[in-house]
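One structure below.
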Amino acid sequence: MKKSALWRDLDGAKLIPALLCAVPWLAAGLMALRLAARPILDFEAIRDAYNDLTIRLPILFGVVSACLCLSGGFARQRWLRIAASAYGAIALACVALRIHATHIEPKLLAVREAELASPKIGRPIRLLHISDIQSDAVGRYEERVFDRMRALNPDLIVQTGDLLQPVPPATAESELPKMERLFETLHPPLGVWGVYGICPRLEDNTLGGMRILENDGAEIRAGESCIRIFGLGLDRSQALFADSAVERWLSQPAESAFRLLIGHAPDFALWAREREIDLCLAGHTHGGQVRLPFFGPIVTLSQAPREWARGFRRIGTPWLNVSAGIGVERAAGLPPIRFFCRPEMTLIRLVPSK
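First residue of the sequence shown? That's 187 in the working numbering, and the numbers climb one at a time after it.
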């Protein structure tokens with residue numbers, strides 16, 4: 187009995203490699219279906235998607251590539267050589283992605299610089315904005331970060347939350363003293379000021395010379411200049427309206443005072459853009475941590491516009507700087523991940539208006 191033309195095309199050495207080639211794509215489809223049923227803001231889903239892309243799929247593509255290379259028709263059939271090379275390249279690309287996103291980029295600390303001119307500033311002030319150190323265990327990376335801070339010689343340092351996110355065996359009790367010792371090495375003349383993020387509270391709202399403001403304000407004197415700073419509590423930074431404490435701060439006459447409003451999440455900037463505030467500082471978003479070309483951050487965990495997730499911009503009356511942060515999210519066993527979103531600190535030069 188004669189075989190059909192279709193069977194002849196798929197017979198023997200062609201059929202098995204063709205089926206092998208389909209396996210990784212079938213697995214990728216099943217992984218996508220499994221993840222599609224889960225919330226995009228679920229950190230476990232993000233972890234599983236990343237591990238699928240950079241561990242499970244490259245293993246499958248690598249195994250199929252090896253099987254194609256060992257198949258009997260590899261030397262004779264050009265399509266097998268092309269398929270084996272393509273699948274091997276995909277596997278290597280996925281592995282390279284993980285090496286870069288987990289082991290390289292999260293340590294590539296950048297210093298962004300910006301300038302804000304104001305008639306309320308009498309002499310130049312170097313303001314260093316840091317956020318989301320979010321250390322899983324304080325170590326050499328954090329020491330290098332603080333070395334960089336001191337080298338920038340800032341006049342004023344503002345920290346917008348999330349100092350620690352310990353991963354066992356590290357605990358808040360073991361890591362907080364280490365973080366305190368690092369902050370004790372900072373001595374800017376106008377002080378170190380901060381707010382709470384999603385991290386342990388501090389005794390007396392201080393840490394190594396840093397003063398934490400929680401729905402409270404202070405006045406910073408810099409020669410003839412006056413900076414009135416107000417720090418929002420975590421819940422207030424996520425609110426879309428100003429509470430009574432902020433309203434009292436805003437109601438104080440401030441014709442010549444530079445108003446600086448700081449909070450962990452940038453959501454408060456949605457109402458602050460319509461108020462008489464000079465500069466807002468926030469963190470929380472980590473810049474998205476993963477940013478796609480021509481799209482931007484996939485997830486920001488904020489109600490603020492996605493384009494506000496990182497960077498310095500004018501949003502109405504005030505300027506806003508949202509830091510991409512120094513550390514990374516480690517909830518639900520997430521490995522360190524950054525892609526097109528380097529960790530950063532921002533040096534903002536406050537200068538007199540010309």
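Glycine residues also receive a C-beta, built at the ideal position from the N, C-alpha and C atoms.
Note that the structure is a prediction, hence the values are computed from the model and not measured.
Buried or exposed for residue i, going by 16 or more other Cβ atoms inside 10 Å?
i      : result
Pro374 : buried
Gln363 : With the sequence shown as reference, residue 363 is identified as Pro, and Gln is not the correct amino acid for it. Exposed.
Leu192 : Summary for Leu192: the model assigns pLDDT 46, below 50, so the residue's position carries little reliability, and this model does not support an answer.
Gly473 : buried
Pro491 : exposed
Asp195 : Low local confidence applies: a pLDDT of 49 at Asp195 is under 50, so the model's placement there is unreliable, with the coordinate-based value given in what follows. By the 10 Å Cβ count, Asp195 comes out exposed.
Val297 : exposed
Gly409 : exposed
Glu230 : exposed
Leu254 : buried
His450 : buried
Met187 : Because Met187 carries a pLDDT of 47, less than 50, the predicted location of this residue cannot be relied on, and no value is offered for it.
Ser423 : buried
Gln475 : buried
Leu478 : exposed
Asp429 : exposed
Ile268 : exposed
Round the Cβ separation of residue i and residue j to the nearest angstrom and send it over; I've been treating them as touching at under 8 Å.
i      : j      : result
Thr532 : Phe498 : 7 Å
Arg334 : Arg535 : Contact flag wrong, Cβ pair sits at about 17 Å.
Val281 : Thr240 : 7 Å
Pro538 : Arg309 : 7 Å
Glu361 : Ala323 : 6 Å
Does any CB atom of chain D fall closer than 9 Å to the CB of residue i?
i      : result
Cys527 : Judged by its chain identifiers, the structure shown contains no chain D, having just a single protein chain.
Can you pull the DSSP bridge partners for residue i?
i      : result
Gln345 : Ile316 and Gly380
Ser321 : Leu350
Thr392 : Arg397
Thr371 : Answer is none; Thr371 lacks a bridge partner.
Does the contact criterion of 3 or more C-beta pairs under 8 Å hold for the stretch 490–508 versus the stretch 447–466? Yes: at least three Cβ pairs fall under 8 Å.
Complete runs of the beta strand (DSSP E) confined to the stretch 466–521 [at least 3 residues]: Listed in chain order, they are 497–500 and 505–508.
Unbroken alpha helix (DSSP H) runs of length 4 or more, entirely within the stretch 207–277: which are they? Taking 4 residues as the minimum length, the alpha helix (DSSP H) runs contained wholly in the stretch 207–277 are 229–237 and 243–256, in order along the chain.
Does the stretch 343–354 come within contact of the stretch 304–322, defined as at least 3 CB pairs closer than 8 Å? Contact check between the stretch 343–354 and the stretch 304–322: three or more CB pairs, one atom from each, fall below 8 Å, which counts as touching.
Three or more C-beta pairs below 8 Å linking the stretch 413–430 and the stretch 476–487: The stretch 413–430 vs the stretch 476–487: no contact.
Three Cβ pairs or more, each shorter than 8 Å: is that satisfied between the stretch 511–521 and the stretch 229–247? In this structure the stretch 511–521 touches the stretch 229–247; the number of beta carbon pairs closer than 8 Å is three or more.
Using 8 Å as the threshold, is the stretch 378–385 in touch with the stretch 430–450, meaning 3 or more CB pairs across them? Touching, yes, given that three or more Cβ pairs across the two stretches are closer than 8 Å.
contact_flag[the stretch 353–373, the stretch 320–339] where n(CB pairs < 8 Å) is 3 or more: Counting C-beta pairs with one atom in each stretch, the stretch 353–373 and the stretch 320–339 have three or more that are closer than 8 Å, which means they touch.
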